[in-house]
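Residue numbers (our numbering): 2 to 169. Here the structure is laid out as structure tokens; the discussion comes afterwards.
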């Protein structure tokens, strides 16, 4: 039993790897290129005048190129119309209720931890982190040495690093 294929099908089978590479270069998407390759096969499989085609490879490239061009035009229209295709991983910019609750709980734990700090440590931390002041500016404002400010910030940082905010 011989596997005799129509000329276009035989040419497709012979050149399908290079056709897929051609389509990928055209559309820059492996999945779309694979879909277009299948569409190319569907277009040529039932083509009625296959024996009249002089260069089957060129014909395949013409069909594949036209399908790629149609695909790119469709993509451009969709992009212009509604901002493009929705990504499968598209998410609502607002957090899920569980994530929101977790964030709120972590914030409350941090706030509780901050309230538990000695007043001077909390004041220095806020001046440095929230107000963006440098050590010498904080020292001058609180009438401390720069070394004291650095030491208190260091100790506060160590306390924060060791804190288990989940326990608050």
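Ideal placement from N, C-alpha and C gives every residue a C-beta, glycine not left out. All of these numbers come straight from a predicted model, not from anything done at the bench.
According to DSSP, is residue i part of a helix, a strand, or is it coil?
| i | result |
| --- | --- |
| residue 48 | coil |
| residue 66 | helix |
| residue 158 | helix |
| residue 8 | helix |
| residue 59 | helix |
| residue 164 | coil |
| residue 17 | helix |
Does the separation of the CB atoms of residue i and residue j fall below 8 Å?
| i | j | result |
| --- | --- | --- |
| residue 28 | residue 77 | no |
| residue 34 | residue 21 | yes |
| residue 60 | residue 24 | no |
| residue 118 | residue 157 | yes |
| residue 11 | residue 58 | no |
How long is the line joining the alpha carbons of residue i and residue j, rounded to whole angstroms?
| i | j | result |
| --- | --- | --- |
| residue 113 | residue 122 | 14 Å |
| residue 140 | residue 97 | 43 Å |
| residue 153 | residue 95 | 37 Å |
| residue 38 | residue 81 | 26 Å |
| residue 14 | residue 100 | 51 Å |
| residue 110 | residue 147 | 30 Å |
| residue 2 | residue 74 | Confidence at residue 2 is low in this model, with a pLDDT of 44, below 50, so its placement is unreliable and no value can be given for it. |
| residue 5 | residue 64 | 22 Å |
| residue 145 | residue 151 | 10 Å |
| residue 134 | residue 103 | 30 Å |
- Unbroken stretches of the alpha helix (DSSP H), 4 residues or longer, contained in the segment 97-154: 98-117, 120-130 and 136-143
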